[in-house]
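*Asks:* Structure incoming, see below.
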RNA sequence: UCCGGAGUAGCUCAAUGGUAGAGCGGGUGACUGUUAAUCACUAGGUUGGGGGUUCAAGUCCCUCCUCCGGAGCCA
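Residue numbers (our numbering): 1250 to 1679.
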């Protein structure tokens, strides 16, 4: 007996195979009925003809409910009338479980309801496709780092100190002392880069900000490379190479998913390095010309990012920011002490900031001053300062927000559909 | 925290202050090529909670709750 998945079915044309999965839908027209069947790799139409099966199998039409689990055996035939191009003429159906009435019907639903049923929603075509592209993005990123001499380093989730001292963190009880869920693996990434040269951290990060927008989660995944002997310009080289590679890999390997998602691939095909690089000052000019309500010296707002992004058909990197709006660890521009050597990458099509990073301050005394200037306690940073005492070197890195990249590449308007089980202010279940 | 929007059947939504409805989903039946099939019949409601005005409130007023997305902050 041949067992196949739907995506491999073409290999077995003319043969009898068994597929194992779930009922997506049934349609009956009397002495023939159609079983639309899914197995996680695709959809398959199975035809049950009264004259060709025993009555027990034929009568299952009245029994099978949406999402009932079944094994179907039948003959694989090429069939242009069926979606997917192949069809199964059923010989036998084995029922594994008859599902209760399924909450998600094949009609429109509101997102609140669908999020309440996220554990079931991920079975649907579109959500399935998004999760597959997410997988491909992660795989491409890891392949990229692996191919370029980076070592994966896992940073701790529990930390004693806030990285930047700005964000609200989740505080947890840690054996009668306070600890925080990490908002970034960067500081540990820097230590690891001094040990291994080129590293990347990949893991979940946590922000307790009361953000309620389509771009925010309280728990999200970040890819954070950190590179020793690397300045801002080289950092931008790595950022554009990484993003370019991820996009091209997805285009090559997720054709079916993009079809389901109705993604305009021409927009993605344009994502080839080099990406445009503009200074903060140049970005401010663009905003001024566009008539945006923007004050020089401030960070960019969400609409500002969209305006900038619309000026380019590739991701755009904005570098050399007013130091006041950036974190304490950013190195100042040697040509202008008011500017920090930071870089943000803005995705096209209004998807906003997907990368933030820069060159790190590598001088011990300067860094001590910055920490004090930001009213941060020195003690928890002692180990971090050690990195500037024992063989300090110029180094840079960045953090890529995985879900935002998934949203952009899949063309999904809301970030909560870009992670299997999103955590937001109001959602801890499912 | 601020601004705006929304809570009515399992779901998506209607309903001049005057008997709460439709489509989908569910159930029963018809149909040999359906594509979110079609057709007939059928069950299904404490209109988010509390208070008020009124002969009469889903509808008007007050209050609370929840959710949504936008700002801020950020990836």
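Glycine included, C-beta positions come from ideal geometry on N, C-alpha and C.
Taking C-alpha atoms, which residue in 1642, 1608, 1659 lies nearest to residue 1648?
*Replies:* By 1-based counting over the first chain, the position of residue 1648 is 399. If we check each option's Cα against that of residue 1648, 1608 comes out closest.
*Asks:* For residue 1467, which residues of its own chain have a beta-carbon under 7 Å away from its beta-carbon, when the five flanking residues on both sides are left out?
*Replies:* Taking the first residue of the first chain as position 1, residue 1467 is located at position 218. Closer than 7 Å at Cβ, skipping near neighbours: 1455, 1456, 1457, 1672, 1673, 1674.
*Asks:* Going by C-alpha distance, which of 1560, 1534, 1585 is nearest residue 1571?
*Replies:* In the first chain, the residue the question calls residue 1571 occupies position 322. Measuring from the Cα of residue 1571, the nearest candidate turns out to be 1585.
*Asks:* Would you decide whether residue 1370 is buried or exposed? Buried here means 16 or more other CB atoms lie within 10 Å of its CB.
*Replies:* In the first chain, the residue the question calls residue 1370 occupies position 121. It is buried - the Cβ of residue 1370 has at least 16 other Cβ atoms within 10 Å.
*Asks:* In terms of residues, what are the limits of the beta strand (DSSP E) holding residue 1608?
*Replies:* Translated into the one-based positions of the first chain, residue 1608 becomes position 359. Looking at the DSSP string, the run of the beta strand (DSSP E) that includes residue 1608 is 1601-1608.
*Asks:* Helix, strand or coil for residue 1273? Go by DSSP, reduced to three states.
*Replies:* What you label residue 1273 is simply residue 24 of the first chain in a count that begins at 1. Here residue 1273 sits in strand by DSSP.
*Asks:* Secondary structure at residue 1409, three-state DSSP: helix, strand or coil?
*Replies:* Looking up residue 1409 in the first chain gives position 160. Residue 1409: coil per DSSP, three-state reduction.
*Asks:* Would you decide whether residue 1563 is buried or exposed? Buried here means 16 or more other CB atoms lie within 10 Å of its CB.
*Replies:* As a position in the first chain, residue 1563 is number 314, starting the count at 1. Per the 10 Å Cβ criterion, buried.
*Asks:* Between 1404, 1291, 1396, 1306, which has its C-alpha nearest residue 1280's C-alpha?
*Replies:* The residue given as residue 1280 occupies position 31 in the first chain. Among 1404, 1291, 1396, 1306, the Cα nearest to that of residue 1280 belongs to 1306.
*Asks:* Quick check: residue 1439 and residue 1623, are their CB atoms within less than 8 Å of each other?
*Replies:* Indexing the first chain from 1 puts residue 1439 at position 190. Indexing the first chain from 1 puts residue 1623 at position 374. For residue 1439 and residue 1623, no; Cβs fall outside 8 Å.
*Asks:* Is it buried or exposed, residue 1632, if we count other Cβ atoms within 10 angstroms and call 16 or more buried?
*Replies:* By one-based count along the first chain, residue 1632 stands at place 383. It counts as exposed.
*Asks:* Classify residue 1667 as helix, strand or coil using the three-state DSSP reduction.
*Replies:* Looking up residue 1667 in the first chain gives position 418. DSSP places residue 1667 in helix when its eight states are reduced to three.
*Asks:* Tell me, to the nearest whole angstrom, how far the beta carbon of residue 1449 is from that of residue 1507; I am working on the premise that it is less than 8 Å.
*Replies:* Sequence index remark: in the first chain, residue 1449 carries index 200 (1-based). Sequence index remark: in the first chain, residue 1507 carries index 258 (1-based). At roughly 26 Å, the Cβ-Cβ gap does not stay under 8 Å, so residue 1449 and residue 1507 are not in contact.
*Asks:* Whether or not the segment 1429-1438 and the segment 1386-1397 are in contact is what I'm after, with contact meaning three or more pairs of Cβ atoms, one per stretch, closer than 8 Å; do they touch?
*Replies:* No: the two stretches stay apart, fewer than three of their Cβ pairs being nearer than 8 Å.
*Asks:* Terminal residues of the continuous alpha helix (DSSP H) containing residue 1387?
*Replies:* Within the first chain, residue 1387 is the residue found at index 138, counting from 1. First-last of the alpha helix (DSSP H) with residue 1387: 1374-1396.
*Asks:* My assumption, with CB atoms under 8 Å, is that residue 1491 sits in contact with residue 1393. Please give the rounded CB distance.
*Replies:* Against the first chain, residue 1491 aligns to sequence position 242. Against the first chain, residue 1393 aligns to sequence position 144. About 6 Å separates the two Cβ atoms, so the contact holds.
*Asks:* Cutting at 6 Å between CB atoms, please list the residues of its own chain near residue 1276, excluding the five before and the five after it.
*Replies:* Along the first chain, one-based indexing puts residue 1276 at 27. Answer for residue 1276: 1283, listed in chain order.
*Asks:* As an exercise, report each continuous beta strand (DSSP E) stretch of at least 3 residues that is fully enclosed by the segment 1607-1679, in chain order.
*Replies:* Complete beta strand (DSSP E) runs here, min 3: 1644-1650.
*Asks:* For residue 1315, list the residues DSSP reports as bridge partners.
*Replies:* Against the first chain, residue 1315 aligns to sequence position 66. Bridge partners of residue 1315: none, in fact.
*Asks:* Could you pull out every residue in the same chain whose Cβ sits closer than 7 Å to the Cβ of residue 1526, ignoring the five residues on either side in sequence?
*Replies:* Along the first chain, one-based indexing puts residue 1526 at 277. Here the set comprises 1485, 1566, 1568.
*Asks:* The beta strand (DSSP E) spanning residue 1344 covers which residue range?
*Replies:* Locating residue 1344 in the first chain gives position 95, counting from the first residue. Start and end: 1335-1346.
*Asks:* Would DSSP call residue 1579 helix, strand or coil?
*Replies:* Within the first chain, numbered from 1, the residue matching residue 1579 stands at position 330. Three-state DSSP puts residue 1579 in a strand.
*Asks:* Relative to the C-alpha of residue 1299, which residue among 1346, 1278, 1315, 1676 is closest?
*Replies:* Residue mapping note: residue 1299 aligns to position 50 of the first chain, counting from 1. The residue with the shortest Cα to Cα distance from residue 1299 is 1278.
*Asks:* Please give the ranges of any alpha helix (DSSP H) in the segment 1440-1528, keeping only runs that are unbroken, at least 4 residues long and fully inside the region.
*Replies:* Segments of the alpha helix (DSSP H) lying fully in the segment 1440-1528: 1481-1502, 1504-1510, 1514-1518.
*Asks:* I'd like to know if the segment 1575-1593 and the segment 1464-1479 are in contact, where contact means that at least 3 CB-CB pairs between them fall below 8 Å.
*Replies:* Contact between the segment 1575-1593 and the segment 1464-1479 is absent, because fewer than three Cβ pairs lie under 8 Å.
*Asks:* Of the residues 1254, 1499, 1250, 1636, which one's Cα is nearest the Cα of residue 1381?
*Replies:* As a working note, residue 1381 is residue 132 in the first chain. That would be 1499, whose Cα lies nearest to the Cα of residue 1381.
*Asks:* Between residue 1478 and residue 1646, what straight-line distance do the alpha-carbon atoms span, to the nearest angstrom?
*Replies:* What you label residue 1478 is simply residue 229 of the first chain in a count that begins at 1. What you label residue 1646 is simply residue 397 of the first chain in a count that begins at 1. The straight-line gap from Cα to Cα measures roughly 11 Å.
*Asks:* Excluding the 5 residues flanking residue 1360 on each side, which residues of the same chain have their C-beta closer than 6 Å to its C-beta?
*Replies:* If you number the first chain from 1, residue 1360 lands on position 111. Excluding sequence neighbours, residue 1360 sits near nothing in its chain.
*Asks:* Relative to the C-alpha of residue 1598, which candidate in 1660, 1377, 1613 has its C-alpha closest?
*Replies:* Sequence index remark: in the first chain, residue 1598 carries index 349 (1-based). Of the candidates 1660, 1377, 1613, the one whose C-alpha sits nearest the C-alpha of residue 1598 is 1660.
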